[in-house]
Structure formats: C-alpha cells, structure tokens
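I have placed the structure first, in the form of structure tokens, so that the comments after it can refer back to it.
Next comes the structure, spelled out in structure tokens:
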C-alpha cells in the first residue's frame, strides 16, 4: 500500500532506495546538490553494479565535483523538468523534495512511496513516466562503458557496444535490441 512520506521520511526512504538498488537507480530532480556522503552512497551502489540514471532540470552541483567520476553513472539534462522522482527496482518516491540536504533540512516536503509488489499498477505507471523523461532528456555523461576481459579469447570489448565475434554463425538473426549483447556473447 502507498505510504505518505514527510520530509524526514522522504530522506530516509531515498537513502533506503539507494542502498537497496540491485540493478538500476533512477534519480530525477529539478536540481541536485550532492554532498560527499551522498556521493559515497552512490559510489557504493555503482560498485555493486547498479547503473545510476540521474536526470536534472536546472542544476547539478556536488562537493569536489565528485559526481562526474562515479562509474556506472549516466547524467541527463531535461530542460523543462520540475519532477522529483526516485526509484530502484522495487520502490519509488514521488514527491516535492529535490535531491539536496537543504531540502531535507530547511524545507517542509511531502512525498508518496510506492512498492512494485503492493502498488503494482501505480508503480508501473510511474516507471513508464520515468522512462519517458529519460528518453526525452539529453545524455551529458555516460560512465557506464567498461572494458571486460574475455577469459577464453583474451579480447577486450565494450559491453555496451559489443558485436559478438564468437557467436554461432548459423543463427539467422541477431537478438532483439532489448537483449543484452554482453550475455548473448556467452
């Protein structure tokens, strides 16, 4: 069941979303002022293999400009964005709070926490809107491209732009574009 979040509840739920993300983390906000402690949390998520999708409307600032150095991070700009939406695979927050400590400390915020399990329809609708925002935004930073070493052949390849060299040539068509090419290789 959906849960109403106060200012402190929104901040705690956001930390929980970041910590529990397993594959993707979506951070959509009008502005971001990211402290070193939040940069550390985002780095921990990225080190677990989580891809972080950050979409901002007006500005993005971080202590020591550390945000641009996080691996597995994509930063998008959406000019008319004013939405505040944060999600992982299992939960999302829709509310008034920007991604900043100032919002947490100085403002009175209100939000709603949705669960993929308990609020299936609303959660799926929210994620569809999230995807629409990302598709409409301009990609500015992409730190998701990494080189992987193939143990059998020793070749290096970029998992995001990889054309398999060793797949079964008898296959008449390539996998659908939604199939991760990295896994198709094996």
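Residue numbers (my numbering): 311 to 496. Note that beta-carbon positions come from the ideal geometry of N, C-alpha and C, so glycine has one too.
Along the chain, where does the beta strand (DSSP E) containing residue i start, and where does it finish?
i, result
"residue 344", "334-344"
"residue 397", "395-397"
"residue 423", "421-425"
"residue 358", "It is not in any beta strand (DSSP E) - residue 358 carries neither H nor E in the DSSP assignment."
"residue 383", "383-387"
So the candidates are the options; which of them puts its Cα closest to the Cα of residue i?
i, options, result
"residue 381", "353, 316, 421", "353"
"residue 400", "438, 316, 332", "332"
"residue 454", "391, 311, 335, 314", "335"
"residue 326", "311, 447, 355, 340", "355"
For residue i, which residues in the same chain have their Cβ closer than 6 Å to its Cβ, ignoring the five residues on either side in sequence?
i, result
"residue 497", "The chain is shown only over 311 to 496; residue 497 falls outside these bounds and no answer can be derived."
"residue 464", "Since pLDDT at residue 464 reaches only 37, below the 50 mark, its modelled position is unreliable, and no value is offered."
"residue 462", "At residue 462 the pLDDT is 35, less than 50, meaning the model places this residue with poor confidence; the figure from the coordinates comes in the next sentence. Counting only Cβ-Cβ distances below 6 Å, and skipping sequence neighbours, we find nothing."
"residue 329", "none"
"residue 357", "none"
Residue i lies in the alpha helix (DSSP H); which residues open and close that run?
i, result
"residue 448", "Taken as a continuous stretch (DSSP letters only), residue 448 belongs to no alpha helix (DSSP H), being part of the beta strand (DSSP E) at 448-452."
"residue 328", "317-330"
Within a Cβ cutoff of 8 Å, which residues of the same chain sit near residue i, ignoring the five residues on either side of it in sequence?
i, result
"residue 436", "395, 397, 402, 404, 424"
"residue 390", "367"
Using a Cβ-Cβ cutoff of less than 7 Å, which residues in the same chain neighbour residue i once the five nearest sequence positions on both sides are dropped?
i, result
"residue 378", "451"
"residue 444", "363, 365, 386"
Do residue i and the ligand HEM come close, with the Cβ less than 7 Å from some heavy atom?
i, result
"residue 401", "You won't find the ligand HEM in this model; it holds no ligand whatsoever."
Open item on the list: Using a Cβ distance threshold of 8 Å, determine whether the region 314-323 contacts the region 339-357, with at least three qualifying pairs required.
Closed with: No, the region 314-323 is not in contact with the region 339-357.
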